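Protein chains in written order, with my numbering: chain L, 1 to 515; chain U, 1 to 160.
Virtual Cβ for every residue (Gly too), placed ideally from N, Cα, C.
On a predicted model such as this, the values are computed, not experimentally measured, just so you know.
Below: the structure, in structure tokens.
Shown next, in the form of structure tokens:
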């Protein structure tokens, strides 16, 4: 524990420089912008910025990208409360009580509750990372290819068991991701796979272009279909209401505690922030003494989902850093970024790249602290920006997405891919196919395949290596149990009430998309 | 309009087709299991098969619930109109970009959509179109030194 504190202090010495503070502020502000604008979410925002970080030092790059992520999480809550339009899928649950509060003229109060509980939730997530990540990493250092394959398999199959979507649709999403990730040069044998002699496919399909299509253009089409109109409370901030809400925070300690616990759990496992916020809202409503007030402007109905949302968002960095397995779509994109900067995600980071790891963790404290302040200060600005008609903002977002898609590899072909995946994303969203498994499978699918094929090289083609010791054996068995979970529950006549039930009873139409 | 049943079946059909394409692509490779484990085509082949099977199951499931799904409308006429009105110009922009470069395409796209669909005055449309294009040029070409797709116009102006 003490060595972790030392390491964290070292991290602060890396993160606290004028340049990095500037990056944090810029990242958070860009993030709020991305979070506020419909159609531009956290995964997409990180993706658009990623090609611009290739020339940066990895520490600075990750600080910029994670700060953007925190900003996006904060920004998403702003529009939920003021306009009843969730800027991020993970802030849907915030609209349930946040918007009614704003309608009653308590917008400032609702925003303060949201941002403060989000800040506390994030803090809990980061403390968990600070305390546990190096222990997890040093444990994972003993992993060989079979263990890695088992952990990857566990990540994929827990999407099927607990992802919240229909298991078959999750499976299709995963398999599409694997298939897309396989296009191009095979890393083990060097042969071309699924390229169909198309030169543009030889370098493979970039997951960044796919994210821009699925999460950017697809999301925009959904927004435009509903005909977005920002009508709602004014964005004026009343300083006295901020203090009043801040003073009222300690009364809700139990909701905050529960929300953080739910969030950390869902962030570390591939549940993600969206499922976490819904679940936390459901739990808060079930146990509250003021249950009948939920949905009509109950502060706890804002605090619970916001705490869980942010603690899940930050906790998702734990498996990404220490195991190289992302817990959400956004962290999957960041993981891809790590590889592009020439780092090898996984436990070796804690040995080889101490500056990077601890600088990033330290910047998470700073980013969220500055985030709370910046987002409160800029609410009027961003609220005013949304009064610009969507008929102007929409096309601008489209050009930003397409420019982003081009910068990934400097290829005109990628523009077509982005458009195609925009249509695919729109259809998938319409039909409740989860998108995050596709991205996850694309980013770590070939790593999983490599791990499997390396294990087979070692064992001379025998699957027994996946049960060769207690660790890998229990991981593999657990993964297979998860994989068969939907079939098992269906067979036993049980309903999967855990996540699906809680979310489904709140709002049947909303997917449980980890962002 | 389009019912949920139709859309489910259409998308399952697309997934099935993707599976077939994957299957064809992987049969060109060694799909077997040699002494050193799976070969290059082993996983693509199986992923394609799983995709086809899962698509069939989704289609079957939708068909079994066809009465309920038929009643669910996925989109109304105005919504579909808005989506098409938004999506088709994007395709147009990408097509033009291949030929005239990204900057010209984006300026044209912004000008025409904001003017014709947003029904904003020419002044606003032109201002946004030129403003966004110039900002993009400065940010990418000058700050981050990331060149974007250029066409004959930029070369003529000596910017390519």
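Cβ of residue i within 7 Å of any chain L Cβ
{"i": "residue 16/U", "result": "no"}
{"i": "residue 82/U", "result": "yes"}
{"i": "residue 106/U", "result": "yes"}
{"i": "residue 152/U", "result": "no"}
{"i": "residue 92/U", "result": "no"}
{"i": "residue 67/U", "result": "no"}
{"i": "residue 72/U", "result": "no"}
{"i": "residue 96/U", "result": "no"}
{"i": "residue 118/U", "result": "yes"}
{"i": "residue 22/U", "result": "yes"}
{"i": "residue 37/U", "result": "yes"}
{"i": "residue 121/U", "result": "no"}
{"i": "residue 31/U", "result": "no"}
{"i": "residue 79/U", "result": "yes"}
{"i": "residue 50/U", "result": "yes"}
Cβ-Cβ separation, residue j to residue i (assumed contact under 8 Å), whole Å
{"i": "residue 95/U", "j": "residue 111/U", "result": "Wrong, their Cβ atoms sit about 16 Å apart, outside the cutoff."}
{"i": "residue 94/L", "j": "residue 114/L", "result": "6 Å"}
{"i": "residue 359/L", "j": "residue 14/L", "result": "4 Å"}
{"i": "residue 427/L", "j": "residue 173/L", "result": "Not confirmed; about 12 Å, so no contact."}
{"i": "residue 311/L", "j": "residue 367/L", "result": "Actually they are not in contact, since the Cβ atoms of residue 311/L and residue 367/L sit about 14 Å apart, beyond 8 Å."}
{"i": "residue 208/L", "j": "residue 408/L", "result": "5 Å"}
{"i": "residue 41/L", "j": "residue 218/L", "result": "That pair is no contact at about 11 Å."}
{"i": "residue 313/L", "j": "residue 97/L", "result": "Actually they are not in contact, since the Cβ atoms of residue 313/L and residue 97/L sit about 20 Å apart, beyond 8 Å."}
{"i": "residue 309/L", "j": "residue 80/L", "result": "Not really, about 10 Å apart at Cβ, beyond 8 Å."}
{"i": "residue 75/L", "j": "residue 375/L", "result": "7 Å"}
Opposing strand residues paired with residue i [DSSP bridges]
{"i": "residue 346/L", "result": "According to DSSP, residue 346/L bridges with nothing at all."}
{"i": "residue 150/U", "result": "101/U"}
{"i": "residue 47/L", "result": "DSSP lists no partner for residue 47/L."}
{"i": "residue 193/L", "result": "184/L"}
{"i": "residue 206/L", "result": "Answer by DSSP bridge pairing: none, since residue 206/L is not bridged."}
{"i": "residue 38/U", "result": "33/U"}
{"i": "residue 73/U", "result": "3/U"}
Cβ of residue i within 7 Å of any chain U Cβ
{"i": "residue 147/L", "result": "no"}
{"i": "residue 511/L", "result": "Confidence is the limiting factor: at residue 511/L the pLDDT is only 39, short of 50, which leaves the residue's position unreliable and the question unanswerable from this model."}
{"i": "residue 461/L", "result": "yes"}
{"i": "residue 221/L", "result": "yes"}
{"i": "residue 109/L", "result": "no"}
{"i": "residue 199/L", "result": "no"}
{"i": "residue 498/L", "result": "In this prediction, residue 498/L has a pLDDT of 43, which is less than 50 and means its spatial position is unreliable; nothing more can be read from the coordinates."}
{"i": "residue 446/L", "result": "no"}
{"i": "residue 178/L", "result": "yes"}
{"i": "residue 174/L", "result": "no"}
{"i": "residue 224/L", "result": "yes"}
{"i": "residue 187/L", "result": "no"}
{"i": "residue 345/L", "result": "no"}
{"i": "residue 152/L", "result": "no"}
{"i": "residue 300/L", "result": "no"}
{"i": "residue 89/L", "result": "no"}
{"i": "residue 191/L", "result": "yes"}
CB contact flag (residue i, residue j, <7 Å)
{"i": "residue 316/L", "j": "residue 346/L", "result": "no"}
{"i": "residue 58/L", "j": "residue 265/L", "result": "no"}
{"i": "residue 194/L", "j": "residue 183/L", "result": "yes"}
{"i": "residue 445/L", "j": "residue 215/L", "result": "no"}
{"i": "residue 370/L", "j": "residue 16/L", "result": "no"}
{"i": "residue 242/L", "j": "residue 112/L", "result": "yes"}
{"i": "residue 63/L", "j": "residue 23/L", "result": "yes"}
{"i": "residue 5/U", "j": "residue 69/U", "result": "yes"}
{"i": "residue 30/L", "j": "residue 68/L", "result": "yes"}
{"i": "residue 133/L", "j": "residue 322/L", "result": "yes"}
{"i": "residue 16/U", "j": "residue 31/U", "result": "no"}
{"i": "residue 473/L", "j": "residue 467/L", "result": "yes"}
{"i": "residue 475/L", "j": "residue 171/L", "result": "no"}
{"i": "residue 443/L", "j": "residue 337/L", "result": "no"}
{"i": "residue 395/L", "j": "residue 113/U", "result": "yes"}
{"i": "residue 188/L", "j": "residue 43/L", "result": "no"}
{"i": "residue 422/L", "j": "residue 181/L", "result": "no"}
{"i": "residue 104/U", "j": "residue 149/U", "result": "no"}
{"i": "residue 330/L", "j": "residue 46/L", "result": "yes"}
(request) May I ask you to verify whether the stretch 33-40 of chain U touches the stretch 141-154 of chain L, counting CB pairs closer than 8 Å and requiring at least 3? (result) Touching, no, given that fewer than three Cβ pairs across the two stretches are closer than 8 Å.
(message) Quick test of the definition: if touching needs 3 or more C-beta pairs under 8 Å, does the stretch 49-58 of chain L touch the stretch 392-403 of chain L?
(response) no
(message) Under 8 Å, with one C-beta from each stretch per pair, do the stretch 286-294 of chain L and the stretch 243-250 of chain L reach the 3-pair mark?
(response) no
(message) For the pair the stretch 21-29 of chain U and the stretch 98-108 of chain U, tell me if three or more CB-CB distances fall below 8 Å.
(response) no
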